[in-house]
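Residue numbers (the numbering used here): 3 to 241.
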Amino acid sequence: MAKVQKNWNSKALILFGTWLWQQQEYGHALLCTHAPFWGFKIGTQLKVCWDDVIHTEDGMCRVELNLPDRNIAPRPINIYLKQSIETAYAELDIVNVGDSLYMNYKTGKPLTSSTLNRELQRFAEKFLAFIKETTDIELDYKPLKTNAFEIAWALDMVKKYNHSPAVFKLVSTFMGHRTVKDTIDLLEVQPNAITYVEFDLIKGIHGLTDTEILENKEDLFSYVFTNIVHENQEWIPIM
(Lines of atoms letter the chains of each structure in order from A and count residues from 1; the text may use other names and numbers.)
(Lines give C-alpha, C1' and ligand atoms only; values in the text may rest on other atoms or scores of the structure.)
Protein backbone atom coordinates (compact mmCIF):
# COMPACT_ATOMS: atom_id res chain seq x y z
CA MET A 1 0.00 0.00 0.00
CA ALA A 2 1.41 3.36 -1.07
CA LYS A 3 2.22 5.93 1.58
CA VAL A 4 0.00 8.99 1.82
CA GLN A 5 2.12 12.03 1.13
CA LYS A 6 1.69 14.95 3.52
CA ASN A 7 1.59 18.70 3.15
CA TRP A 8 4.83 20.45 4.08
CA ASN A 9 4.59 22.03 7.52
CA SER A 10 6.09 25.40 8.41
CA LYS A 11 9.08 24.05 10.35
CA ALA A 12 10.04 21.76 7.48
CA LEU A 13 9.88 24.73 5.09
CA ILE A 14 12.00 26.87 7.42
CA LEU A 15 14.62 24.14 7.80
CA PHE A 16 14.57 23.82 4.02
CA GLY A 17 15.22 27.57 3.87
CA THR A 18 18.26 27.22 6.13
CA TRP A 19 19.59 24.46 3.87
CA LEU A 20 19.00 26.66 0.82
CA TRP A 21 20.90 29.49 2.48
CA GLN A 22 23.80 27.12 3.05
CA GLN A 23 23.62 26.19 -0.64
CA GLN A 24 23.80 29.91 -1.50
CA GLU A 25 20.32 29.88 -3.04
CA TYR A 26 19.53 33.04 -1.14
CA GLY A 27 16.29 34.18 -2.77
CA HIS A 28 14.67 30.78 -2.45
CA ALA A 29 15.95 30.57 1.14
CA LEU A 30 14.31 33.86 2.09
CA LEU A 31 11.06 32.83 0.41
CA CYS A 32 10.90 29.53 2.33
CA THR A 33 11.60 31.22 5.66
CA HIS A 34 9.28 34.22 5.28
CA ALA A 35 6.24 32.89 3.40
CA PRO A 36 4.95 30.44 6.06
CA PHE A 37 4.60 33.35 8.51
CA TRP A 38 2.56 35.71 6.35
CA GLY A 39 0.02 33.57 4.47
CA PHE A 40 0.23 35.53 1.22
CA LYS A 41 -0.70 34.23 -2.19
CA ILE A 42 2.58 33.62 -4.00
CA GLY A 43 2.05 36.52 -6.41
CA THR A 44 1.87 38.96 -3.51
CA GLN A 45 4.75 37.35 -1.62
CA LEU A 46 7.09 37.70 -4.60
CA LYS A 47 6.31 41.43 -4.83
CA VAL A 48 7.64 42.21 -1.32
CA CYS A 49 10.57 44.60 -1.83
CA TRP A 50 13.52 45.50 0.36
CA ASP A 51 12.07 48.96 0.85
CA ASP A 52 8.96 47.34 2.34
CA VAL A 53 10.91 45.66 5.15
CA ILE A 54 14.10 47.70 5.69
CA HIS A 55 14.86 51.24 6.80
CA THR A 56 17.46 51.84 4.11
CA GLU A 57 19.14 54.70 5.99
CA ASP A 58 20.42 52.39 8.73
CA GLY A 59 19.75 48.84 7.47
CA MET A 60 17.39 48.10 10.36
CA CYS A 61 14.22 46.12 9.88
CA ARG A 62 10.77 47.67 9.99
CA VAL A 63 8.34 46.64 12.75
CA GLU A 64 5.75 45.38 10.31
CA LEU A 65 5.27 44.72 6.64
CA ASN A 66 2.73 47.24 5.44
CA LEU A 67 1.59 47.28 1.82
CA PRO A 68 -1.15 49.95 1.84
CA ASP A 69 -1.09 50.44 -1.93
CA ARG A 70 -1.98 46.76 -2.39
CA ASN A 71 -4.99 46.73 -0.01
CA ILE A 72 -3.43 44.00 2.15
CA ALA A 73 -3.53 43.74 5.94
CA PRO A 74 -0.17 44.49 7.64
CA ARG A 75 1.98 41.54 8.67
CA PRO A 76 4.15 41.47 11.82
CA ILE A 77 7.91 41.18 11.41
CA ASN A 78 8.93 39.12 14.43
CA ILE A 79 12.43 38.67 15.81
CA TYR A 80 13.13 35.64 13.59
CA LEU A 81 12.06 37.46 10.43
CA LYS A 82 13.97 40.56 11.57
CA GLN A 83 17.17 38.54 11.97
CA SER A 84 16.86 36.92 8.56
CA ILE A 85 16.02 40.18 6.78
CA GLU A 86 18.80 42.21 8.41
CA THR A 87 21.36 39.45 7.83
CA ALA A 88 20.40 39.10 4.19
CA TYR A 89 20.39 42.87 3.64
CA ALA A 90 23.88 43.14 5.12
CA GLU A 91 25.36 40.16 3.27
CA LEU A 92 23.73 40.23 -0.16
CA ASP A 93 24.49 42.59 -3.02
CA ILE A 94 21.34 44.72 -3.09
CA VAL A 95 21.40 46.89 -6.19
CA ASN A 96 17.99 48.51 -5.84
CA VAL A 97 15.88 48.62 -2.68
CA GLY A 98 12.82 48.57 -4.93
CA ASP A 99 13.73 45.03 -5.99
CA SER A 100 12.00 41.95 -4.61
CA LEU A 101 13.66 40.15 -1.69
CA TYR A 102 13.12 36.96 -3.60
CA MET A 103 15.70 37.14 -6.36
CA ASN A 104 18.06 34.73 -7.97
CA TYR A 105 21.07 36.55 -6.58
CA LYS A 106 23.38 34.75 -9.02
CA THR A 107 21.63 36.20 -12.06
CA GLY A 108 20.04 39.30 -10.57
CA LYS A 109 16.62 38.25 -11.80
CA PRO A 110 13.51 38.03 -9.57
CA LEU A 111 11.93 34.67 -8.86
CA THR A 112 8.77 34.18 -10.91
CA SER A 113 5.70 32.05 -10.27
CA SER A 114 5.95 30.59 -13.77
CA THR A 115 9.16 28.68 -12.97
CA LEU A 116 9.07 28.51 -9.17
CA ASN A 117 7.26 25.17 -8.84
CA ARG A 118 9.95 23.45 -10.88
CA GLU A 119 12.79 25.18 -9.01
CA LEU A 120 11.34 24.44 -5.57
CA GLN A 121 10.78 20.77 -6.35
CA ARG A 122 14.31 20.38 -7.74
CA PHE A 123 15.80 21.82 -4.56
CA ALA A 124 13.33 19.92 -2.34
CA GLU A 125 14.39 16.57 -3.75
CA LYS A 126 18.01 17.34 -2.86
CA PHE A 127 17.04 18.57 0.60
CA LEU A 128 14.95 15.50 1.40
CA ALA A 129 17.80 13.28 0.20
CA PHE A 130 20.14 15.18 2.53
CA ILE A 131 17.79 14.65 5.48
CA LYS A 132 17.49 10.94 4.65
CA GLU A 133 21.25 10.50 4.33
CA THR A 134 22.04 12.48 7.48
CA THR A 135 19.29 11.29 9.83
CA ASP A 136 17.91 8.13 8.19
CA ILE A 137 14.47 9.80 8.40
CA GLU A 138 12.45 9.72 5.20
CA LEU A 139 10.08 12.68 4.94
CA ASP A 140 7.28 11.71 2.59
CA TYR A 141 6.02 15.11 1.52
CA LYS A 142 4.00 16.10 -1.50
CA PRO A 143 5.83 17.70 -4.42
CA LEU A 144 6.66 21.22 -3.29
CA LYS A 145 4.57 23.86 -5.02
CA THR A 146 4.09 27.56 -4.43
CA ASN A 147 0.84 27.10 -2.49
CA ALA A 148 2.72 25.06 0.14
CA PHE A 149 3.54 28.25 2.07
CA GLU A 150 -0.07 29.36 2.33
CA ILE A 151 -1.09 25.83 3.33
CA ALA A 152 1.61 25.73 6.04
CA TRP A 153 0.35 29.04 7.47
CA ALA A 154 -3.23 27.73 7.43
CA LEU A 155 -2.22 24.51 9.21
CA ASP A 156 -0.57 26.57 11.95
CA MET A 157 -3.65 28.76 12.22
CA VAL A 158 -6.14 25.91 12.65
CA LYS A 159 -3.79 24.12 15.03
CA LYS A 160 -3.52 27.19 17.26
CA TYR A 161 -7.29 27.26 17.69
CA ASN A 162 -7.65 23.50 18.22
CA HIS A 163 -9.11 22.83 14.77
CA SER A 164 -12.41 24.42 15.73
CA PRO A 165 -15.10 24.81 13.03
CA ALA A 166 -14.95 28.56 13.52
CA VAL A 167 -11.27 28.79 12.62
CA PHE A 168 -11.78 26.66 9.50
CA LYS A 169 -14.50 29.07 8.39
CA LEU A 170 -12.24 32.06 9.00
CA VAL A 171 -9.27 30.50 7.21
CA SER A 172 -11.48 29.46 4.29
CA THR A 173 -12.73 33.01 3.85
CA PHE A 174 -9.23 34.43 4.18
CA MET A 175 -7.85 32.04 1.56
CA GLY A 176 -10.68 32.87 -0.83
CA HIS A 177 -12.13 29.37 -1.02
CA ARG A 178 -15.64 28.75 -2.28
CA THR A 179 -16.56 26.46 0.63
CA VAL A 180 -15.11 25.32 3.93
CA LYS A 181 -14.97 21.82 2.45
CA ASP A 182 -12.49 23.10 -0.13
CA THR A 183 -10.27 24.26 2.75
CA ILE A 184 -10.59 20.96 4.61
CA ASP A 185 -9.72 19.04 1.45
CA LEU A 186 -6.67 21.24 0.84
CA LEU A 187 -5.32 21.10 4.40
CA GLU A 188 -6.24 17.41 4.81
CA VAL A 189 -7.20 17.92 8.46
CA GLN A 190 -10.66 17.93 9.97
CA PRO A 191 -12.34 20.53 12.18
CA ASN A 192 -12.59 19.45 15.80
CA ALA A 193 -14.73 32.19 19.44
CA ILE A 194 -12.06 33.25 17.09
CA THR A 195 -12.39 36.83 15.87
CA TYR A 196 -9.27 37.66 13.84
CA VAL A 197 -6.56 36.27 11.59
CA GLU A 198 -2.97 35.95 12.88
CA PHE A 199 0.35 35.42 11.09
CA ASP A 200 3.06 35.18 13.78
CA LEU A 201 2.36 31.49 14.49
CA ILE A 202 5.67 29.62 14.21
CA LYS A 203 7.63 29.20 17.43
CA GLY A 204 10.79 27.46 18.61
CA ILE A 205 12.79 27.72 15.39
CA HIS A 206 16.42 28.34 14.55
CA GLY A 207 17.83 31.39 12.76
CA LEU A 208 18.24 31.55 8.97
CA THR A 209 22.03 31.38 9.17
CA ASP A 210 22.24 28.83 12.01
CA THR A 211 23.56 26.21 9.62
CA GLU A 212 25.30 24.31 12.44
CA ILE A 213 22.08 22.31 12.81
CA LEU A 214 22.72 20.84 9.37
CA GLU A 215 26.23 19.75 10.31
CA ASN A 216 25.51 17.87 13.54
CA LYS A 217 23.73 14.59 12.85
CA GLU A 218 22.34 14.21 16.38
CA ASP A 219 20.96 17.75 16.54
CA LEU A 220 19.45 17.50 13.05
CA PHE A 221 17.88 14.10 13.84
CA SER A 222 16.37 15.49 17.05
CA TYR A 223 14.98 18.57 15.31
CA VAL A 224 13.50 16.69 12.34
CA PHE A 225 12.09 13.87 14.51
CA THR A 226 10.48 16.18 17.08
CA ASN A 227 9.46 19.24 15.09
CA ILE A 228 8.71 17.85 11.64
CA VAL A 229 7.88 14.14 11.80
CA HIS A 230 5.92 14.38 15.07
CA GLU A 231 5.01 18.06 15.02
CA ASN A 232 1.38 17.58 16.02
CA GLN A 233 1.92 14.95 18.71
CA GLU A 234 2.02 15.59 22.43
CA TRP A 235 4.84 13.88 24.32
CA ILE A 236 4.12 12.47 27.77
CA PRO A 237 7.22 12.16 29.97
CA ILE A 238 7.90 8.77 31.55
CA MET A 239 8.28 9.18 35.30
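Quick reminder that beta carbons are idealized off the backbone N, C-alpha and C, glycines included.
Residue i to residue j, Cα distance in whole Å?
i: residue 158; j: residue 76; result: 18 Å
i: residue 8; j: residue 24; result: 25 Å
i: residue 65; j: residue 206; result: 20 Å
i: residue 230; j: residue 36; result: 18 Å
i: residue 128; j: residue 166; result: 36 Å
i: residue 43; j: residue 149; result: 7 Å
i: residue 132; j: residue 124; result: 13 Å
i: residue 67; j: residue 168; result: 27 Å
i: residue 242; j: residue 178; result: This structure does not reach residue 242, given that the chain is present from 3 up to 241, and the question cannot be answered.
i: residue 141; j: residue 88; result: 31 Å
i: residue 152; j: residue 95; result: 28 Å
i: residue 80; j: residue 209; result: 12 Å
i: residue 114; j: residue 85; result: 25 Å
i: residue 182; j: residue 93; result: 43 Å
i: residue 17; j: residue 32; result: 11 Å
i: residue 120; j: residue 30; result: 12 Å
i: residue 240; j: residue 220; result: Here residue 240 scores only 42 on pLDDT, less than 50, and its place in the model should not be relied on; the value that follows carries that caveat. Looking at the two C-alpha atoms, the distance is approximately 22 Å.
i: residue 174; j: residue 188; result: 10 Å
Would you decide whether residue i is buried or exposed? Buried here means 16 or more other CB atoms lie within 10 Å of its CB.
i: residue 19; result: buried
i: residue 98; result: exposed
i: residue 232; result: exposed
i: residue 185; result: buried
i: residue 55; result: buried
i: residue 57; result: exposed
i: residue 41; result: buried
i: residue 192; result: exposed
i: residue 237; result: Below a pLDDT of 50, predicted positions are generally treated as unreliable, and residue 237, at 45, falls in that range; the measurement from the model is reported next regardless. When all chains shown are included, residue 237 counts as exposed.
i: residue 78; result: exposed
i: residue 38; result: buried
Quick check on residue i: does DSSP put it in helix, strand or coil?
i: residue 66; result: strand
i: residue 193; result: coil
i: residue 91; result: helix
i: residue 229; result: helix
i: residue 145; result: coil
i: residue 133; result: helix
i: residue 102; result: strand
i: residue 5; result: coil
i: residue 79; result: coil
i: residue 57; result: strand
i: residue 74; result: strand
i: residue 43; result: coil
i: residue 161; result: helix
i: residue 205; result: coil
i: residue 111; result: strand
Please find out if some non-hydrogen atom of the ligand NAD comes closer than 8 Å to the beta-carbon of residue i.
i: residue 165; result: The ligand content of the structure shown is nil, which means the ligand NAD is not present either.
Compare the Cα-Cα distances from residue i to each of the options and report the closest residue.
i: residue 111; options: 28, 81, 17 and 216; result: 28
i: residue 12; options: 216, 218, 203 and 114; result: 203
i: residue 201; options: 216, 156 and 192; result: 156
i: residue 211; options: 145, 90 and 175; result: 90
i: residue 63; options: 161, 82, 17 and 14; result: 82
i: residue 6; options: 216, 74 and 190; result: 190
i: residue 109; options: 26, 180, 60 and 38; result: 26
i: residue 117; options: 73, 40 and 147; result: 147
For this session: Specify whether the region 42 to 62 and the region 102 to 109 touch according to this definition: at least 3 beta carbon pairs, one from each stretch, less than 8 Å apart.
Result: Judged by Cβ distances under 8 Å, the region 42 to 62 makes contact with the region 102 to 109, as three or more pairs qualify.
Exercise. Okay, do the region 129 to 143 and the region 210 to 228 touch, 3+ Cβ pairs below 8 Å being the bar?
Worked result: Yes, since at least three Cβ pairs between the region 129 to 143 and the region 210 to 228 fall closer than 8 Å, the two stretches touch.
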